[in-house]
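J.: Structure below; questions to follow.
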Amino acid sequence: TPAKATHLRPNYFMENFLQSLPTIASDGRIYLPIPGSTTFPMIATADIAKAAADRILDTNWDKRTVIELAGPEDVSHDAAAANIGSVIGKDVEHMQIGEADFRGAMAQFGVSDSAADCFLEMYDGFTKGIIVHESSPRTTGTTFESFAKNVIKPALAGLQ
Numbered sequence: 074t075p076a077k078a079t080h081l082r083p084n085y086f087m088e089n090f091l092q093s094l095p096t097i098a099s100d101g102r103i104y105l106p107i108p109g110s111t112t113f114p115m116i117a118t119a120d121i122a123k124a125a126a127d128r129i130l131d132t133n134w135d136k137r138t139v140i141e142l143a144g145p146e147d148v149s150h151d152a153a154a155a156n157i158g159s160v161i162g163k164d165v166e167h168m169q170i171g172e173a174d175f176r177g178a179m180a181q182f183g184v185s186d187s188a189a190d191c192f193l194e195m196y197d198g199f200t201k202g203i204i205v206h207e208s209s210p211r212t213t214g215t216t217f218e219s220f221a222k223n224v225i226k227p228a229l230a231g232l233q
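In my numbering, the protein residues as written are 74 to 233.
Shown next, in the form of structure tokens:
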């Protein structure tokens, strides 16, 4: 590893909800293998890009650094679904599914078994509290509500 490097460690991408656009539109549901009440940090990829650009333009660092990135608050899938519903004017709920159903859905998207294993391991890590945000300061500004308004709502409109 070079002596002068920055490692950005973002958490769960808000954009992961984009994979649920078809079921949000058709069923009003988000299907994932995680309890809806589990909360964890989420971040918009635009905030990751901004953090990377800010770091590249900053010439005042000269060592190996790790920067954790997280949005302004932890969010559960239940809260995210309710927030999306509020923004789009339709009831939306999170529904926890089993591993086999998740693997089947991933296969339909062309996701390999090994990649599905990684997703399942990630969701299990969030559920068990193994994957945690290590630092307390919130480093980015996009709230889930603003993400839902500015990204999910227009994307859903594009499906219709």
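Even for Gly, the Cβ is constructed at its ideal location relative to N, Cα and C.
(1) Write down the C-beta distance between His80 and Gly109 rounded to the nearest angstrom, noting that I regard them as a contact closer than 8 angstroms.
(2) Starting from the Cα of Arg137, find the closest Cα among Ala117, Phe182, Ala78, Asp164 and give me that residue.
(3) Pull the bridge partners of Phe86 from the DSSP assignment, please.
(4) Measure from the alpha carbon of Leu41 to the alpha carbon of each residue in Ser93, Phe182, Ala76, then state which is nearest.
(5) Where do the ends of the beta strand (DSSP E) carrying Glu166 lie?
(6) Taking Cβ to Cβ, would you say Thr213 is nearer than 8 angstroms to Asp127?
(7) Determine the closest residue to Val160 out of Ala143, His206, Lys226, with distance taken between C-alpha atoms.
(8) With which residues is Tyr104 paired in a DSSP beta bridge?
(9) Quick one: Cα of Glu166 to Cα of Gly202, how far?
(10) Spatial neighbours of Lys163 within its chain, please: C-beta separation below 7 angstroms, excluding the five flanking residues on both sides.
(11) Can the beta-carbon of Gly144 be found less than 8 angstroms from the beta-carbon of Ala125?
(12) Take Asn223 as the anchor and find which of Asn156, Val139, Tyr196, Asp131 has the nearest alpha-carbon.
(13) Can you round the beta-carbon distance between Ile103 and Ala154 to whole angstroms, since I take them to be within the 8 angstroms contact cut?
(14) Quick one: residues in its chain with C-beta nearer than 7 angstroms to the C-beta of Ile107, no 5 flanking neighbours on either side, listed in chain order?
(15) For the alpha helix (DSSP H) holding Asp190, just list the boundary residues, first then last.
(16) Buried or exposed for Asn84, going by 16 or more other Cβ atoms inside 10 Å?
T.: Straight from the coordinates:
(1) Taking the first residue of the sequence shown as 1, we reach residue 80 at position 7. Taking the first residue of the sequence shown as 1, we reach residue 109 at position 36. Contact between His80 and Gly109 does not hold, since their C-beta atoms are separated by about 31 angstroms, which reaches or exceeds 8 angstroms.
(2) Position 64 of the sequence shown, counted from the first residue, corresponds to residue 137. It is Ala78.
(3) Taking the sequence shown and counting its residues from 1, one reaches residue 86 at position 13. Per the DSSP secondary-structure output, Phe86 pairs in a beta bridge with Ile116.
(4) With the chain covering 74 to 233 only, the question about residue 41 has no answer from this structure.
(5) The residue labelled residue 166 in the question sits at position 93 within the sequence shown. For Glu166, the enclosing beta strand (DSSP E) stretches over residues 166-169.
(6) In the sequence shown, residue 213 corresponds to position 140, counting from 1. In the sequence shown, residue 127 corresponds to position 54, counting from 1. No.
(7) As a position in the sequence shown, residue 160 is number 87, starting the count at 1. It is Lys226.
(8) Here residue 104 refers to the residue found at position 31 when the sequence shown is read from its first residue. Answer is Met168.
(9) Taking the sequence shown and counting its residues from 1, the one referred to as residue 166 is at position 93. Taking the sequence shown and counting its residues from 1, the one referred to as residue 202 is at position 129. One C-alpha to the other measures close to 23 angstroms.
(10) On the sequence shown, position 90 is the one that residue 163 refers to. So the qualifying residues of the chain are Gly101.
(11) Mapped onto the sequence shown, residue 144 falls at position 71. Mapped onto the sequence shown, residue 125 falls at position 52. The answer is no: Cβ separation not under 8 angstroms.
(12) Working through the sequence shown from its first residue, we reach residue 223 at position 150. The candidate whose alpha carbon is nearest that of Asn223 is Asn156.
(13) The sequence position of residue 103 within the sequence shown is 30, counting from 1. The sequence position of residue 154 within the sequence shown is 81, counting from 1. With a Cβ gap of about 5 angstroms, Ile103 and Ala154 count as contacting.
(14) Counting from one through the sequence shown, the residue named residue 107 turns up at place 34. Spatial neighbours of Ile107 in its own chain (CB-CB distance under 7 angstroms, excluding positions within 5 residues in sequence) are listed in chain order as His150, Gln169, Tyr196, Phe199, Thr200.
(15) Here residue 190 refers to the residue found at position 117 when the sequence shown is read from its first residue. Asp190: member of the alpha helix (DSSP H) spanning 186-201, first to last residue.
(16) Taking the first residue of the sequence shown as position 1, residue 84 is located at position 11. Classification of Asn84: buried, given that the 10 Å Cβ count is 16 or more.
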